[in-house]
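J.: Just passing along the structure, written as structure tokens.
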Amino acid sequence: KNEVEQSPQNLTAQEGEFITINCSYSVGISALHWLQQHPGGGIVSLFMLSSGKKKHGRLIATINIQEKHSSLHITASHPRDSAVYICAVLTYRGGGADGLTFGKGTHLIIQP
Amino acid sequence: NAGVTQTPKFRVLKTGQSMTLLCAQDMNHEYMYWYRQDPGMGLRLIHYSVGEGTTAKGEVPDGYNVSRLKKQNFLLGLESAAPSQTSVYFCASSYPLGTASSYEQYFGPGTRLTVT
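Protein sequences, first through last, are from chains R and X.
The working numbering puts the first sequence at residues 328 to 439.
The working numbering puts the second sequence at residues 148 to 263.
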């Protein structure tokens, strides 16, 4: 079983719809990242959070540490939001180092 | 600032050949990482470094070596390439956990490697 599970794997929606992507994890974490990977391949960090909720523009990320679950929401979705969204958890590897364990990503397509 | 850069962007190798991928960052980050991304697998950590002169193994280190001779550079080497190493390789850098800045990782643009 993967340590980080994302759902759905694929999502197609119409422009303007409210989008929710879910991430569940099975290990103790220090923090959780949401990343965006565009069709060109570049990866951009959207949020890092360890509790509560963060908002940036039309993007909202929430995390529930007790339930080991996080959600990424996109309001008023737009075709330019089409990308792969990746959840990654920060776990302590020992020796003073930290590392990310990644989900397999959610492929989002927003149709005009 | 250029952020995180990777050289080369594309490469095709024959089985058994060697090569080095270069990652450079200009953000004075202590931590640097090498990941590989394969279809259906998600990103996986190959090796990482918590500072100049130090390296450590990640999740999938076999067949790779790394060096961090300068703080801004992190090299990934393949001594004898195998078709199983065909992948897209991403480098990333960050501040250490607990510093004033967030632990956000900054990614390079990726290197697409094909081993035939």
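Cβ atoms here follow ideal geometry from the backbone N, Cα and C, with glycine treated the same way.
1. Please report the residue range of the beta strand (DSSP E) in which T233 of chain X lies.
2. To which residues of the same chain is P335 of chain R closer than 7 Å at the C-beta, ignoring the five residues directly before and after it?
3. Name, please, each residue of chain X whose Cβ falls closer than 8 Å to the Cβ of K431 of chain R.
4. Counting Cβ pairs, one atom from each stretch, are 3 or more of them under 8 Å apart for the segment 158-166 of chain X and the segment 381-400 of chain R?
5. Looking only at its own chain, which residues have a Cβ that is under 7 Å from the Cβ of G422 of chain R, when we skip the five neighbours before and after it?
6. Applying a beta-carbon distance threshold of less than 8 Å, which residues of chain R neighbour E251 of chain X?
7. Would you say G224 of chain X reaches chain R, if we count a Cβ-Cβ gap shorter than 8 Å as a contact?
8. Write down the C-beta distance between G224 of chain X and T167 of chain X rounded to the nearest angstrom, noting that I regard them as a contact closer than 8 Å.
9. Is there contact here, the segment 170-178 of chain X with the segment 398-411 of chain R, by at least three beta-carbon pairs under 8 Å?
10. Just to check my reading of the structure: Y282 of chain X and C238 of chain X have Cβ atoms closer than 8 Å, yes? What is that Cβ distance to the nearest angstrom?
11. Taking 8 Å as the threshold (C-beta atoms), are I370 of chain R and V416 of chain R in contact?
12. When Cβ atoms are compared, which residues of the segment 191-216 of chain X fall closer than 7 Å to chain R?
13. Nearest-angstrom Cα distance between H396 of chain R and G343 of chain R?
14. State the Cα-Cα distance for the pair L190 of chain X and T233 of chain X, rounded to the nearest angstrom.
15. In whole angstroms, what separates the C-alpha of Q363 of chain R from that of S372 of chain R?
16. My guess is that S196 of chain X and R215 of chain X are in contact by the Cβ rule of under 8 Å, so how many angstroms apart are they, rounded?
17. Relative to the alpha-carbon of A358 of chain R, which residue among X:S165, X:P230, X:M188 and X:E251 has its alpha-carbon at the smallest distance?
18. Hey, out of R:C350, R:E330 and R:V331, whose CA is closest to H446 of chain R's CA?
19. State the DSSP-derived secondary structure class of D209 of chain X, mapped to helix, strand or coil.
20. Please list the partners that L386 of chain R has in chain X, where partner means a Cβ-to-Cβ separation under 8 Å.
21. The segment 337-370 of chain R: which residues have C-beta closer than 9 Å to a C-beta of chain X, in chain order?
T.: With the structure as the only source:
1. Here residue 233 of chain X is taken as the residue at index 86 of the second sequence, counted from 1. Where T233 of chain X is concerned, there is no enclosing beta strand (DSSP E), given that its DSSP letter is neither H nor E.
2. Position 8 of the first sequence, counted from the first residue, corresponds to residue 335 of chain R. Correct list, in chain order: T433.
3. Position 104 of the first sequence, counting from 1, holds the residue named residue 431 of chain R. Residues of chain X passing the Cβ test: G187, M188 and G189.
4. no
5. For the purposes of this step, residue 422 of chain R is identified with residue 95 of the first sequence, where counting begins at 1. Because the pLDDT at G422 of chain R is just 49, under 50, the model does not fix this residue reliably, and the value given afterwards should be weighed accordingly. So no residue of the chain qualifies.
6. Mapped onto the second sequence, residue 251 of chain X falls at position 104. Going along chain R in sequence order, the residues near E251 of chain X (Cβ under 8 Å) are H360, S372 and M375.
7. In the second sequence, the residue the question calls residue 224 of chain X occupies position 77. Not an interface residue.
8. Walking along the second sequence from the start, residue 224 of chain X turns up at place 77. Walking along the second sequence from the start, residue 167 of chain X turns up at place 20. That pair is a contact at about 5 Å.
9. no
10. Shown here, chain X extends from 148 to 263; a query on residue 282 of chain X therefore has no answer.
11. Taking the first residue of the first sequence as position 1, residue 416 of chain R is located at position 89. Taking the first residue of the first sequence as position 1, residue 370 of chain R is located at position 43. No. Outside cutoff.
12. L192, Y195, V197, A203 and G205
13. Along the first sequence, one-based indexing puts residue 396 of chain R at 69. Along the first sequence, one-based indexing puts residue 343 of chain R at 16. If you take the alpha carbons of H396 of chain R and G343 of chain R, they lie about 25 Å apart.
14. Within the second sequence, numbered from 1, the residue matching residue 190 of chain X stands at position 43. Within the second sequence, numbered from 1, the residue matching residue 233 of chain X stands at position 86. If you take the alpha carbons of L190 of chain X and T233 of chain X, they lie about 14 Å apart.
15. Along the first sequence, one-based indexing puts residue 363 of chain R at 36. Along the first sequence, one-based indexing puts residue 372 of chain R at 45. Cα to Cα, Q363 of chain R sits roughly 6 Å from S372 of chain R.
16. For the purposes of this step, residue 196 of chain X is taken as residue 49 along the second sequence, with counting starting at 1. For the purposes of this step, residue 215 of chain X is taken as residue 68 along the second sequence, with counting starting at 1. Yes, S196 of chain X and R215 of chain X are in contact; Cβ-Cβ is about 4 Å, under 8 Å.
17. Here residue 358 of chain R corresponds to residue number 31 of the first sequence, with the count starting at 1. With distances taken between Cα atoms, A358 of chain R lies closest to X:E251.
18. This structure leaves residue 446 of chain R out entirely; chain R is present only between 328 and 439.
19. On the second sequence, position 62 is the one that residue 209 of chain X refers to. D209 of chain X falls in the coil class under three-state DSSP.
20. For this step, residue 386 of chain R is matched to residue 59 along the first sequence. What L386 of chain R touches in chain X: nothing, since even the nearest Cβ is about 15 Å away.
21. S357, A358, H360, L362, Q364, G367, G368, G369 and I370
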